[in-house]
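Residue numbers (my numbering), protein chains in the order written: chain A, 1 to 204; chain B, 1 to 204.
Protein chains: 2
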Amino acid sequence: MGRRSDHSRDELYELALDAAGRLLEAEGQKDLTVRKVAGEIGYSHGTLYNIFADLDDLIVHLNGRTLDALYEILKDIPLDGEPEAALRRLGRGYIEFTRRHKNRWNLLFEHHLPHGRELPQWHYEKVLRLLALVEAPLAPLFPPGREKERVHSARVLWSALHGICSLEGTRKLAKHESVEALSRTLISFYINGLGEAMRDGRYE
Amino acid sequence: MGRRSDHSRDELYELALDAAGRLLEAEGQKDLTVRKVAGEIGYSHGTLYNIFADLDDLIVHLNGRTLDALYEILKDIPLDGEPEAALRRLGRGYIEFTRRHKNRWNLLFEHHLPHGRELPQWHYEKVLRLLALVEAPLAPLFPPGREKERVHSARVLWSALHGICSLEGTRKLAKHESVEALSRTLISFYINGLGEAMRDGRYE
DNA sequence: AGAATTAATTGACCAATGGTCATTTTATAT
DNA sequence: ATATAAAATGACCATTGGTCAATTAATTCT
Numbered sequence: 001m002g003r004r005s006d007h008s009r010d011e012l013y014e015l016a017l018d019a020a021g022r023l024l025e026a027e028g029q030k031d032l033t034v035r036k037v038a039g040e041i042g043y044s045h046g047t048l049y050n051i052f053a054d055l056d057d058l059i060v061h062l063n064g065r066t067l068d069a070l071y072e073i074l075k076d077i078p079l080d081g082e083p084e085a086a087l088r089r090l091g092r093g094y095i096e097f098t099r100r101h102k103n104r105w106n107l108l109f110e111h112h113l114p115h116g117r118e119l120p121q122w123h124y125e126k127v128l129r130l131l132a133l134v135e136a137p138l139a140p141l142f143p144p145g146r147e148k149e150r151v152h153s154a155r156v157l158w159s160a161l162h163g164i165c166s167l168e169g170t171r172k173l174a175k176h177e178s179v180e181a182l183s184r185t186l187i188s189f190y191i192n193g194l195g196e197a198m199r200d201g202r203y204e
Numbered sequence: 001m002g003r004r005s006d007h008s009r010d011e012l013y014e015l016a017l018d019a020a021g022r023l024l025e026a027e028g029q030k031d032l033t034v035r036k037v038a039g040e041i042g043y044s045h046g047t048l049y050n051i052f053a054d055l056d057d058l059i060v061h062l063n064g065r066t067l068d069a070l071y072e073i074l075k076d077i078p079l080d081g082e083p084e085a086a087l088r089r090l091g092r093g094y095i096e097f098t099r100r101h102k103n104r105w106n107l108l109f110e111h112h113l114p115h116g117r118e119l120p121q122w123h124y125e126k127v128l129r130l131l132a133l134v135e136a137p138l139a140p141l142f143p144p145g146r147e148k149e150r151v152h153s154a155r156v157l158w159s160a161l162h163g164i165c166s167l168e169g170t171r172k173l174a175k176h177e178s179v180e181a182l183s184r185t186l187i188s189f190y191i192n193g194l195g196e197a198m199r200d201g202r203y204e
């Protein structure tokens, strides 16, 4: 068979990522193969190599979608009011997302490009956009001129929450523990400690 | 070829895991294959299936070794003195380990058993032994009768540190950030917040 | 309209993998 | 020596990621 007019290149890109996402969510990483994705959309596996450089490339784009999906969830969460409460709301949104899309979310962090290849710039931009959501509620806690420290704290909180969800979701830490409880404690103590240090003027 | 007397079953087990560890550290997850491990120790791939149920099983045992190795590093770190200082020392040890053994450490958290299979009991015991190291320096911060909360806090800190190292080591968060700085801030603010809450009697 | 050109799609093909198991080879017991 | 039991092998299978010449359909040109 040759050039069909069923789908444009862009449509094919979307179709492929749709199918890849479905496969991933339904069957897990092991079943996310070039051939299965191609089969799902009614093309041969060779065709996918016109759209993506290779499977790694496809995964990088799929992960981009995951970051977008998470942003779409979190962006509507109100960030005003008590900083701690806002952070808890964000945390809950994050936790719920990782629960609902466990496989997608695992792939995002567990896929590694082969040696020498780097993630595209837009990946980091998508991450920064998410981090900005965490930075917002932190604003009232930092006086002007301490923006760097605010960014730093957002990263601590983001990474820490990631760790909590990661260890729980993959059952690597212990069989059962409440992610909510752990994240709640984290946020509460961290913010209190931060506030205290800031009040006493002994931040760093 | 048949039954050789070169190595006992136990020796073969150790040899295989040695080779697997070497391959993993040198080449990464992609090159950790049954055939390569077998080749490294001078046996055919079929032989490995006398020792391990399958590749997943081999990896589970390899990960057990990783947990042991981490414990061996951390167990000699002095945990007395200031809680915060002790936690920082533990954190540094952990960070250094994840740097030195990046591939081993990634595999530990990124490997998933196929659906329906569970990690062996001894895996969780090895984890608990590590968590106990974090619980120790927290002891002075909790009055008697709050052991549950102490365990809880150890888990928060452990998971959070894991998240920080994970995101940094895999370059998924941002290109460069000081893991040390992030973990230092985490420990400092968390412990301060915890102390304050405990003093004021408003824990939970 | 018909021919020439261009581009997309295919599937045979390759090397490698995880895994199985009948066969072979060796050590041990009789 | 012979029989028995255990372990090591490698042919074999299905599946994978990836390549590329051949094929086929859309587009352009005359």
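The beta carbon of each residue, even a glycine, is placed where N, CA and C say it ideally should be.
The model shown is predicted, which means the values in this text are computed figures rather than measured ones.
6 angstroms Cβ shell around residue i - same chain, five flanking residues per side excluded
{"i": "leucine 167 of chain A", "result": "Leu173"}
{"i": "alanine 197 of chain A", "result": "Tyr203"}
{"i": "arginine 89 of chain A", "result": "Ile77"}
Contact set between residue i and chain B, taken where Cβ atoms lie within less than 7 angstroms
{"i": "alanine 197 of chain A", "result": "Phe189, Asn192"}
{"i": "valine 34 of chain A", "result": "Residues of chain B passing the Cβ test: none, with the nearest at roughly 16 angstroms."}
{"i": "histidine 101 of chain A", "result": "Here the premise fails: no neighbours, minimum Cβ distance about 15 angstroms."}
Under 7 angstroms by beta carbon: chain A residues contacting residue i
{"i": "lysine 172 of chain B", "result": "Phe109"}
{"i": "threonine 66 of chain B", "result": "Under the 7 angstroms cutoff, chain A gives no residues; its nearest Cβ is about 11 angstroms from threonine 66 of chain B."}
{"i": "leucine 17 of chain B", "result": "What leucine 17 of chain B touches in chain A: nothing, since even the nearest Cβ is about 19 angstroms away."}
Residue i in three-state terms, based on DSSP
{"i": "serine 153 of chain B", "result": "helix"}
{"i": "threonine 170 of chain A", "result": "coil"}
{"i": "leucine 79 of chain A", "result": "coil"}
{"i": "glutamate 110 of chain B", "result": "helix"}
{"i": "tyrosine 203 of chain A", "result": "coil"}
{"i": "glutamate 193 of chain A", "result": "Contrary to the premise, residue 193 of chain A reads as glycine rather than glutamate in this sequence. Three-state DSSP puts glycine 193 of chain A in a helix."}
{"i": "serine 188 of chain B", "result": "helix"}
{"i": "histidine 162 of chain B", "result": "helix"}
{"i": "glycine 93 of chain B", "result": "helix"}
{"i": "leucine 131 of chain B", "result": "helix"}
{"i": "glutamate 125 of chain A", "result": "helix"}
{"i": "aspartate 68 of chain A", "result": "helix"}
{"i": "glutamate 118 of chain B", "result": "coil"}
{"i": "arginine 146 of chain A", "result": "coil"}
{"i": "serine 5 of chain A", "result": "coil"}
{"i": "serine 178 of chain B", "result": "coil"}
Backbone CA spacing between residue i and residue j [nearest angstrom]
{"i": "lysine 148 of chain B", "j": "glutamate 110 of chain A", "result": "32 angstroms"}
{"i": "glutamate 84 of chain A", "j": "leucine 182 of chain A", "result": "14 angstroms"}
{"i": "glutamate 27 of chain B", "j": "threonine 33 of chain B", "result": "11 angstroms"}
{"i": "leucine 79 of chain A", "j": "arginine 99 of chain B", "result": "36 angstroms"}
{"i": "asparagine 103 of chain B", "j": "asparagine 192 of chain A", "result": "36 angstroms"}
{"i": "alanine 97 of chain A", "j": "glutamine 29 of chain A", "result": "In the sequence on display, residue 97 of chain A carries phenylalanine and not alanine. Distance between the alpha carbons of phenylalanine 97 of chain A and glutamine 29 of chain A is about 18 angstroms."}
{"i": "alanine 136 of chain A", "j": "serine 44 of chain A", "result": "46 angstroms"}
{"i": "threonine 47 of chain B", "j": "histidine 115 of chain B", "result": "25 angstroms"}
{"i": "histidine 7 of chain B", "j": "asparagine 50 of chain B", "result": "13 angstroms"}
{"i": "threonine 185 of chain B", "j": "alanine 154 of chain B", "result": "16 angstroms"}
{"i": "arginine 129 of chain B", "j": "leucine 23 of chain B", "result": "27 angstroms"}
{"i": "serine 5 of chain A", "j": "alanine 16 of chain A", "result": "16 angstroms"}
{"i": "valine 151 of chain B", "j": "histidine 112 of chain B", "result": "26 angstroms"}
{"i": "glycine 21 of chain B", "j": "aspartate 10 of chain B", "result": "17 angstroms"}
{"i": "tyrosine 81 of chain A", "j": "arginine 171 of chain B", "result": "According to the sequence provided, residue 81 of chain A is glycine. The question's tyrosine does not apply to it. Each residue's alpha carbon lies about 33 angstroms from the other."}
{"i": "glutamine 121 of chain B", "j": "asparagine 106 of chain B", "result": "21 angstroms"}
{"i": "aspartate 31 of chain B", "j": "arginine 3 of chain B", "result": "28 angstroms"}
{"i": "phenylalanine 52 of chain A", "j": "lysine 36 of chain A", "result": "15 angstroms"}
{"i": "glycine 145 of chain A", "j": "valine 134 of chain B", "result": "35 angstroms"}
Neighbourhood of residue i by C-beta, 8 angstroms cutoff - its chain only, sequence neighbours within 5 removed
{"i": "lysine 126 of chain A", "result": "Gly64, Leu67, Asp68, Tyr71"}
{"i": "histidine 123 of chain B", "result": "Val60, Asn63, Gly64, Leu67"}
{"i": "tryptophan 158 of chain B", "result": "Leu130, Leu131, Val134"}
Under 8 angstroms by beta carbon: chain A residues contacting residue i
{"i": "alanine 26 of chain B", "result": "Near alanine 26 of chain B there are no residues of chain A at all, since even the closest Cβ is about 12 angstroms away, more than 8 angstroms."}
{"i": "threonine 185 of chain B", "result": "His152, Ser153, Val156"}
{"i": "leucine 182 of chain B", "result": "His152, Arg155, Val156, Ser159"}
{"i": "histidine 7 of chain B", "result": "Going along chain A, no residue has its Cβ under 8 angstroms from histidine 7 of chain B, so there is no contact; the nearest lies around 32 angstroms."}
Beta-carbon neighbours of residue i, restricted to chain B and to distances below 9 angstroms
{"i": "isoleucine 164 of chain A", "result": "Arg155, Val156, Ser159, Ala160, His162, Gly163"}
{"i": "leucine 167 of chain A", "result": "Phe109, Arg155, Trp158, Ser159, His162, Gly163"}
{"i": "histidine 45 of chain A", "result": "The premise fails here: histidine 45 of chain A is roughly 20 angstroms from chain B at the closest Cβ pair, so nothing lies under 9 angstroms."}
Residues near residue i by beta carbon distance below 7 angstroms, same chain, minus five either side
{"i": "glutamate 118 of chain A", "result": "none"}
{"i": "isoleucine 73 of chain B", "result": "Gly93, Phe97"}
{"i": "glycine 91 of chain B", "result": "Leu161, Ser183, Ile187"}
Interface residues of chain B facing residue i [CB-CB closer than 8 angstroms]
{"i": "histidine 61 of chain A", "result": "Under the 8 angstroms cutoff, chain B gives no residues; its nearest Cβ is about 15 angstroms from histidine 61 of chain A."}
Any alpha helix (DSSP H) of 4 or more consecutive residues that is wholly inside the segment 10–65 of chain A: 34–40, 45–51
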